[in-house]
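Following: one structure in structure tokens, then a few remarks.
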Ligand code: SF4
């Protein structure tokens, strides 16, 4: 008679496996062994435990990481058994910068720990080349051979060049730092064909435009170890506990060292609990708060005048008649328009270090410029003009419009609290020599007036002398933008130089070809009008060339470009899913594209809507490197296993495509003024791609990149595989690396006196560009969130922050992460907003506005700000939504702030990911109602 379940459970209740139990279970003859004393030492050998011991054996270990734009850049060990990836573990062997400082080991997060389970071995893995056989997005696919896939793509490329020109080929991939060889693969093919490489840092709104405006730099920041040097830290729109998991401990460690931490979020964000104080600011009013702090700092003389005189344009003289700097050309016949005056020792003096100065230093020598004062100056050719300093003009504006009392009703923060905070910050700045830092993030950077937010915060730090100091600075952490060996990347991606490459700002390209429109408040033209002027002036590139035609009114009135892009390559990105204005792209842009080719290791939304999907190697199946602004170490990707199924690395895929285009083109040449000599010849395409075979292999391409940058020259793949290595001392960035010292930005300016890359060579707060003057933004100011006509009926601000359970869309569909939340897309609302709409927790709701709708569940969140609804970003179109393919971007449009299209002025000139319109979306408004479908 078999053992009864009741008896079985009773026997299991015993603490040891006894002879009686083995007999009772009928397990005699197995390897199970009686354990008479389970606490004996040494323990008795029990063969059945080998089952578990075997789980911890492996055949090989490789060092790799994850290229997902997380900024973590954590080195991992990847364990392989029987040709399959078994598991992964943090490598935790970064060298110390200084043993006295907290270690960056171990680095990792919940997502990285399940990359193999979810993606390498996951059921969404793309195994073979696929061709769409139904409508885009219908999910109907045919497996095809690599040869067929490459033939069809190559033929389409050649036909596009022949009929529409090479600039109808669009290439999109983001964030080279997360895997620069993979980035270079498609970029290099674009370079050799004449195709267009798209920006991403501005498109994703990760670019803080106030940085190029004020500092002449895309972004440069401190590595996270430097946080412990801060004496006052402001978490302003950055939520490190959720989004900087490997580095969040440095916030706590800074507190151990006496740093005060202030959190400024509308909601009680998870990092607030780590702060000493939390200010619940009204959404989108951060600039008002920052400027009120600035006003108080100046009014109470809590600023660093020596720093302001040397590092900023504050002492520069401004003509009161034009509002422009007083130039040498104004005063001296034949003088430079790019040399500027200060008032020092009772007379005019030219400031060194400006764009027109031959004296390239910020060292003032014997000058001691006045920060304040007005004077009358004789002009060349006769006449006089009165002048005053930038500092005085700025102070007058702050005193008129930005006092604490004026900011209080705007920000929701009391005037007394604002002045108290300002006093705290001022005291911390003066007592520590400027060790005040802002940890800045997407929460404040995704607004339409993000540049005003940036400039106000930068001004606060300049007043304190905090930029270019360890423990200080505007540390903007959004996107893994810091490709330390940037010159190696350029050499690999664009071998004939950037001048021979077509680049374009993606926000502009998408806005135009998706045919959006809007009328900015208080400006003389529609956004389309400014676009047309910007492109016509040569300030912003847009492709295909001539897309807007020559008739401004036609474009402004119809919004229809006259030339369309024809092909799009997407790799290392979920471009369509992440795209603001999702519905407009589907309806107006995608139909213009004859072919969309996506390289992917998983069937994400972009792959789902592509025409041909090519199976790409995962992060554990290729050679590459990975860098970040969060630390100063270089470490590699290595293939733990060869690419699974029929997948190939990005480098091999684009190389194979180059070979196929060369083969099918049959000696085809075509004129292209962008290319040296004016003619492109496809008969040498493969050799051009591989440098005659020298960089055909992924590992050779990776080594080539290392060899061509001062930060990495001398490093080898074997060396950084043995252990991560700190970058070399000399850098192309705004500071050099010093042994024992955490990296922080702009030391070359504060310590070596190198000018900033701005018109004035300084941190520049006066921008004379006519479009800035028209907007009233020639100096830092505050403007409220945008409310366009027709949006009044959508009362809830729509917030799409980065979350804890995904890195963008990666892991959004991962089972192990879905188990940690409600398992599908949800929006978060304040109980009061739910009550007025008759909503209960976990109801299905329809979130909608003038752009579209998405149907998700609602979660009651007491820590949410009333008047706002939050939906963490990057849910795939196909995950958990009711009724239709929709996602978090179905309710967003694309807005462009016209001043971000400006050019032809000092530091305001287009460069990829440096200056261009940002893809803002925080001003979006929605309504939420119960969904009963
Ligand atoms: Fe680190 Fe990013 Fe990987 Fe997480 S996903 S472990 S943060 S590299």
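Numbering (the working numbering), first residue to last: 137 to 1069.
Even for Gly, the Cβ is constructed at its ideal location relative to N, Cα and C.
What residue range does the alpha helix (DSSP H) around residue 445 cover? Numbered from 1 along the chain shown, position 309 holds the residue referred to as residue 445. Per DSSP, residue 445 belongs to the alpha helix (DSSP H) from 441–447.
Quick check: the region 675–682 against the region 1038–1050, are at least 3 beta-carbon pairs closer than 8 Å? yes
Residue 506 vs residue 522 beta-carbon contact at 8 Å: Numbered from its first residue, the chain shown carries residue 506 at position 370. Numbered from its first residue, the chain shown carries residue 522 at position 386. The answer is no: Cβ separation not under 8 Å.
Whole angstroms are fine: how far does the CA of residue 968 sit from the CA of residue 1064? For this step, residue 1064 is matched to residue 928 along the chain shown. For this step, residue 968 is matched to residue 832 along the chain shown. Each residue's alpha carbon lies about 13 Å from the other.
Is any non-hydrogen atom of the ligand SF4 found closer than 7 Å to the C-beta of residue 382, if you look at the structure I gave you? As a working note, residue 382 is residue 246 in the chain shown. Correct: residue 382 has its Cβ closer than 7 Å to the ligand SF4.
Restricting to runs no shorter than 4 residues, where is the alpha helix (DSSP H) found entirely within the region 795–883? 821–826, 834–843, 853–858
Beta carbon of residue 247: closer than 7 Å to some heavy atom of the ligand SF4? The residue given as residue 247 occupies position 111 in the chain shown. Checking the Cβ of residue 247 against the ligand SF4 gives yes.
Residue 208: beta carbon under 7 Å from a heavy atom of the ligand SF4? On the chain shown, residue 208 is found 72 positions in, with the first residue counted as 1. Yes.
Which ranges does the alpha helix (DSSP H) cover as unbroken runs of at least 4 residues, wholly within the region 715–781, from first to last along the chain? 741–744
Does DSSP put residue 198 in a helix, a strand or coil? Translated into positions along the chain shown, residue 198 becomes position 62. Reduced to three states, the DSSP call for residue 198 is strand.
Based on Cα-Cα distance, which residue from 376, 462, 220, 545 lies nearest to residue 485? Counting from 1 along the chain shown, the entry for residue 485 is found at position 349. With distances taken between Cα atoms, residue 485 lies closest to 462.
Between the CA atoms of residue 474 and residue 871 - distance to the nearest angstrom: Indexing the chain shown from 1 puts residue 871 at position 735. Indexing the chain shown from 1 puts residue 474 at position 338. So the alpha carbons of these two residues sit roughly 25 Å apart.
Please confirm if the region 302–314 is in contact with the region 324–331, defined as three or more CB-CB distances below 8 Å between the two stretches. yes
Identify the continuous alpha helix (DSSP H) that holds residue 430 and give its terminal residues. For the purposes of this step, residue 430 is taken as residue 294 along the chain shown, with counting starting at 1. 422–435 is the extent of the alpha helix (DSSP H) around residue 430.
So, at 7 Å on beta carbons, what are the nonlocal neighbours of residue 286 in its own chain, with the 5 sequence-adjacent residues on each side left out? Stepping through the chain shown from its first residue, residue 286 is reached at position 150. So the list reads 792, 793, 796, once near-sequence residues are dropped.
Nearest CA to the CA of residue 607: which residue from 292, 859, 360? Mapped onto the chain shown, residue 607 falls at position 471. Per the Cα distances, 360.
When the Cα atoms are used, what is the spatial distance from residue 652 to residue 1023? Position 516 of the chain shown holds residue 652. Position 887 of the chain shown holds residue 1023. Looking at the two C-alpha atoms, the distance is approximately 19 Å.
Can you tell me whether residue 153 is buried or exposed? The criterion is at least 16 other CB atoms within 10 Å of its CB, across all chains shown. As a first step, residue 153 is located in the chain shown; it is residue number 17 there, counting from the start. Since pLDDT at residue 153 reaches only 45, below the 50 mark, its modelled position is unreliable, and no value is offered.
Restricting to Cα atoms, I'd like to know which of 546, 294, 583, 914 is closest to residue 340. Counting from 1 along the chain shown, the entry for residue 340 is found at position 204. For residue 340, the nearest C-alpha among the options comes from 583.
Using a 10 Å radius around the Cβ and a threshold of 16 neighbouring Cβ atoms, would you call residue 82 buried or exposed? What is shown of the chain runs 137 to 1069, which leaves residue 82 out entirely.
Which of the three DSSP states, helix, strand or coil, is assigned to residue 151? What you label residue 151 is simply residue 15 of the chain shown in a count that begins at 1. For residue 151, the predicted model reports a pLDDT of 40, less than 50, meaning its position is unreliable; a value from the coordinates is still stated below. If DSSP states are grouped into helix, strand and coil, residue 151 belongs with coil.
Which residues DSSP lists as bridging residue 1047, in chain order: Here residue 1047 is taken as the residue at index 911 of the chain shown, counted from 1. 1051, per the DSSP bridge assignment.
Close-in-space but distant-in-sequence residues of the same chain around residue 352 (CB under 6 Å, 5 per side omitted): Looking up residue 352 in the chain shown gives position 216. Result list for residue 352: 892, 893, 894, 1043, in chain order.
Please report the straight-line C-alpha distance between residue 371 and residue 392, rounded to a whole angstrom. For the purposes of this step, residue 371 is taken as residue 235 along the chain shown, with counting starting at 1. For the purposes of this step, residue 392 is taken as residue 256 along the chain shown, with counting starting at 1. C-alpha separation (whole angstroms): 17 Å.
My output table needs one value for residue 374: the three-state DSSP class, helix, strand or coil. Here the question's residue 374 lines up with position 238 in the chain shown. Looking at residue 374 - three-state DSSP - the assignment turns out to be coil, as it is neither helix nor strand.
Short of 6 Å in beta carbon distance, which residues of its chain neighbour residue 277, apart from the five on each side in sequence? Order them along the chain. Here residue 277 refers to the residue found at position 141 of the chain shown. If we look at residue 277 and ignore the five residues flanking it on each side, its Cβ neighbours are 266.
Tell me whether the region 188–207 and the region 234–254 touch, counting them as touching only if at least three CB pairs, one residue from each stretch, are closer than 8 Å. yes
Quick one: what does DSSP say residue 324 is sitting in, helix, strand or coil? What you label residue 324 is simply residue 188 of the chain shown in a count that begins at 1. Helix, per DSSP.
My understanding is that residue 279 touches residue 255, with C-beta atoms under 8 Å, so please give their C-beta distance in whole angstroms. Here residue 279 is taken as the residue at index 143 of the chain shown, counted from 1. Here residue 255 is taken as the residue at index 119 of the chain shown, counted from 1. About 20 Å; that fails the 8 Å criterion.
Measuring straight from C-alpha to C-alpha, what distance separates residue 704 and residue 731? As a first step, residue 704 must be located in the chain shown, where it is residue number 568. As a first step, residue 731 must be located in the chain shown, where it is residue number 595. Each residue's Cα considered, the two are about 7 Å apart.
Please report the straight-line C-alpha distance between residue 450 and residue 909, rounded to a whole angstrom. As a first step, residue 450 is located in the chain shown; it is residue number 314 there, counting from the start. As a first step, residue 909 is located in the chain shown; it is residue number 773 there, counting from the start. In a straight line, the C-alpha of residue 450 is about 18 Å away from that of residue 909.
On a Cα-Cα basis, can you pick out the residue from 812, 801, 836 that is closest to residue 819? As a first step, residue 819 must be located in the chain shown, where it is residue number 683. Nearest of 812, 801, 836 to residue 819, Cα basis: 801.
Buried or exposed: where does residue 961 fall if 16 or more other Cβ atoms within 10 Å of its Cβ makes it buried? Within the chain shown, residue 961 is the residue found at index 825, counting from 1. Flag for residue 961 reads buried.
Closest to residue 375 by CA distance: which of 937, 1027, 444 is it? Indexing the chain shown from 1 puts residue 375 at position 239. Looking at the Cα atoms, 937 is the closest of the given residues.
Measuring only the C-alpha atoms, how far is residue 740 from residue 260? By one-based count along the chain shown, residue 740 stands at place 604. By one-based count along the chain shown, residue 260 stands at place 124. Their Cα atoms are separated by approximately 8 Å.
Between residue 531 and residue 309, what straight-line distance do the alpha-carbon atoms span, to the nearest angstrom? Here residue 531 is taken as the residue at index 395 of the chain shown, counted from 1. Here residue 309 is taken as the residue at index 173 of the chain shown, counted from 1. Distance between the alpha carbons of residue 531 and residue 309: 44 Å.
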